[in-house]
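Those protein sequence lines, which keep their order, are chains R and H.
Per the working numbering: the first sequence = residues 8 to 367.
Per the working numbering: the second sequence = residues 8 to 367.
First the structure, in the form of structure tokens, and then the observations on it.
Protein chains: 2
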Amino acid sequence: MIGKSMYDIDTPALVIDLDAMERNIRGMADFFRDRPAKLRPHAKTHKTPELAQMQLDAGAIGITCAKLGEAEVMADAGIRDLLLANEVIGAQKIARLVEVAKKSDLIVAVDSVENARAISEAAEAAGVRIRVLIEVDVGQNRCGVRPGEPAVRLAQEILKLRGLLFQGIMGYEGHIVLNPDREVRESECQKSMTQLVSTREALEAAGIPVEIVSGGGTGTYAVTGAFPGVTEVQAGSYITMDARYKGLDLGFECALTVLTTVVSRNGPEIVVCDAGMKAVTREFGMPESKDTRMEVVHLSEEHGKLTVKDPGGVPYRVGDKIEIIPSHGCTTINLHDTFYGVRAGKVEAVWNIAARGKVR
Amino acid sequence: MIGKSMYDIDTPALVIDLDAMERNIRGMADFFRDRPAKLRPHAKTHKTPELAQMQLDAGAIGITCAKLGEAEVMADAGIRDLLLANEVIGAQKIARLVEVAKKSDLIVAVDSVENARAISEAAEAAGVRIRVLIEVDVGQNRCGVRPGEPAVRLAQEILKLRGLLFQGIMGYEGHIVLNPDREVRESECQKSMTQLVSTREALEAAGIPVEIVSGGGTGTYAVTGAFPGVTEVQAGSYITMDARYKGLDLGFECALTVLTTVVSRNGPEIVVCDAGMKAVTREFGMPESKDTRMEVVHLSEEHGKLTVKDPGGVPYRVGDKIEIIPSHGCTTINLHDTFYGVRAGKVEAVWNIAARGKVR
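Right, here's the structure in full:
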């Protein structure tokens, strides 16, 4: 496909506007260039080692993964500094975790002494030492220990474990990254980061050095990334953006669309295309039509239905290709096996989404 | 994994209760055994040739596919009688369609003379004849020609095309298959099938023989399958069912769950598991906990959060495995690469979901 027109791509297909994506990568890298905090982009969004490498080339200090399977893919692609920002539970996964640690500088999150002990034992048996961050619950009410003393007690236990290397703490303010009210988002993020950094201070007061304080997402990077005491930010969605994040007006561009073919015209007001819920997710609402003269009003499994605002004005015929902007980039990308990178209407890159479906 | 306990499966994982699935397959086959209409199960649900073969072995006359990529997988697995129940648009796809027709008795839906001509030309050039059904819009307002005369005019054009073999009509009452009110569902389905069968009559009155009249889904199979003049029904979800279809009380069992591991207990009222939106979809609402003492209240990308109704009564600890029932089976299955078939708690079969992600 390389060198061909984007309209020669068979559909539905995941398309990235390379100019927009590169501006997003540079824009986020610029924000962190002269700050104490650094960027560790989250690969859960793109799931593609080639894109992770571009983020590293632009200055990111490492890569964040959500799942062990993603970390395996990134480590196999030669990326060394990896944070697996979730707890890894059970003997099967811990055995795989140790294998990833043998070929990378892996960091993993823990929130219980039982899990820390299980990882330490497996690491020791394999002759490796695994770096760990304690996950602190900074208000998301999901995983993590409570801020302050509970984190100190867990750190003291981790320091006794010979298979682990305590590196610091992480806290994800996931409950607020998508809050549409900028003031609320920023003030709530300040609260979360205050909890995280006060936990750092409690650890240091107990004589425990803290190298890494990791947090943040695309919706809060500007607060988290400027917060004294935070050392790195895990933003992911900024690279592609999506229709929902676009509404937050964060200074990044929508680089991601699903290219889809008109398969039926059911009268002058309706355009039916070949992208449904199996090509673009709708849990965050309907995708947007890139051509603003139309609106996506329904997705069934394999069809999207658009209505035409001015029936006289839209010339699309069966076989024509149109673009829709996902409302949720991360889950939409996870439906596809291939990214088509496009510049000035021509295909310039085709990437395998190697960590697609790596939920384990 | 075969022979091991289901609780040895790493998570999140897609599990089928084989006893329940086999009862569903038998139950639907029994309904059609002595009727004029026959069953052509929709493979868009399971996307797995081994399960399609079980449906054929139980008496189904053929298999329905939503996408060309699914039809390719089913034809490659040796399944011959295939209905591709959507329009196939564009030269790239039509070239693939012809290849499928060379190795199967493919039927494809059309709703325009332009598309019929393009398929006919490609078929003729390849020396095959492709069977076609005209899709009739029976109220879904998506693809298809209007009932009656428009279908007759299109059929007359198709009869002139030497690469096509006109076989009949199809109409999908997709706008009502999930209507929770049985009376409304049945009466609306009667209206749709009246439109479809009156189109059959109009064709026959014009001297055009109609071999196939295809329609229906799981929510309406009992109406469509008993409607005089309908020859086959395309039900799909009945094989696994899901939490949403379960509410329709159709006589089939929920055979599908996502097995997931407890990764954190954030206090006595909260269980956090490792199945999020990338392992179970939520566009039809939250999945259900199989253990009814808990309720799934939130899905983020890689985590599910359940609340415990009686905090004293739920013993789950980190590392324990629980099951959740998808609200939408078809899109959830499409997130996974593997089905684990389980009987009496032991893994009996492991199937590759070969048509997963085949959206083209």
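Even glycine gets a Cβ: it sits at the ideal position worked out from N, Cα and C.
Following the DSSP letters along the chain, one finds H/Lys353 inside the beta strand (DSSP E) bounded by residues 353 to 359. In the three-state reduction of the DSSP assignment, H/Asn93 falls in the strand class, which pools E and B.
Listed along chain H, no residue sits closer than 9 Å to R/Ala27 by beta-carbon distance, the nearest being about 23 Å off. Here H/Gly224 has Val184, Ala242 as same chain residues with Cβ atoms under 6 Å from its own Cβ, once five neighbours each way along the sequence are excluded. Taking a Cβ-Cβ cut-off of 9 Å, the neighbours of H/Lys312 in chain R comprise Asn148, Arg149, given in sequence order. Annotated as proximal: R/Ile70 and R/Leu89, with beta-carbon spacing under 8 Å.
Uninterrupted alpha helix (DSSP H) stretches at least 4 residues long and entirely within the stretch 246 to 312 of chain H occur at 250 to 253, given in chain order. About 10 Å separates the CB atoms of H/Ile340 and H/Leu58; that is not less than 8 Å, and the two are not in contact.
Contacts with chain R (Cβ-Cβ distance below 7 Å) from the stretch 28 to 48 of chain H involve no residue at all. Interface flag for R/Cys337 against chain H is set, since a Cβ pair is found closer than 8 Å. Exclusion of the five residues before and after H/Ala82 leaves Leu89, Val107, Lys110, Ser111 as the residues of its chain whose Cβ lies within less than 7 Å of its Cβ. R/Val191 is outside the set of residues whose beta carbon lies under 8 Å from a beta carbon in chain H. Residue nearest to R/Leu255 within the set R/Asp188, R/Ser205, R/Ala233 is R/Asp188 (criterion: CA-CA distance). With a cutoff of 8 Å on beta-carbon distance, H/Gly336 and H/Thr52 are scored as near each other.
Where R/Gly348 is concerned, the enclosing beta strand (DSSP E) starts and stops at 345 to 350. The stretch 60 to 69 of chain H and the stretch 32 to 48 of chain H touch, with three or more beta-carbon pairs separated by less than 8 Å. Between R/Ala158 and R/Val143, the C-beta spacing is below 8 Å. In the three-state reduction of the DSSP assignment, H/Gln99 falls in the helix class, which pools H, G and I. For R/Gln241, the closest Cβ of chain H is not nearer than 8 Å.
Between R/Ser307 and R/Met293, the C-beta spacing is not below 8 Å. Under the Cβ criterion of 8 Å, H/Ala362 is not counted among the residues facing chain R.
Residues of the stretch 51 to 67 of chain R with a C-beta less than 7 Å from any C-beta of chain H: Lys51, listed in chain order.
Take R/Leu91, set aside five residues on each side of it, and the residues of its chain with a beta-carbon closer than 6 Å to its own are Cys72, Ala78, Val115, in chain order. Counting along the chain, R/Glu218 sits inside no alpha helix (DSSP H), nor does DSSP assign it H or E at all. For R/Asp118, at least one C-beta of chain H is nearer than 8 Å to its own C-beta. In the assembly as shown, R/Glu208 is an exposed residue. Its beta-carbon has fewer than 16 other beta-carbons within 10 Å. H/Ala132 is outside the set of residues whose beta carbon lies under 8 Å from a beta carbon in chain R. For the 8 Å CB-CB criterion, R/Met248 and R/Val278 do not form a contact. Here R/Arg138 carries a strand assignment [DSSP, helix/strand/coil].
Contact annotation for R/Gly326 against chain H: Ile96, Gly97 [CB-CB distance below 7 Å, chain order].
Among the residues facing chain H, R/Asn359 is not included, as its CB has no counterpart in that chain under 8 Å away. With a contact defined as Cβ atoms closer than 8 Å, H/Val270 and H/Pro333 miss out at about 19 Å. R/Glu239 carries a strand assignment under DSSP once its states are collapsed to helix, strand and coil. With a minimum length of 3 residues, the unbroken runs of beta strand (DSSP E) contained wholly in the stretch 28 to 76 of chain R fall at 70 to 72. For H/Ser271, the residues of chain R that pass the 8 Å Cβ criterion are Glu94, Asp118, Ser119, Arg149, Cys150, Gly151, in the order they occur in the chain. Each of H/Val315, H/Lys353, H/Leu266 was checked against the Cα of H/Asp17, and the nearest Cα belongs to H/Leu266.
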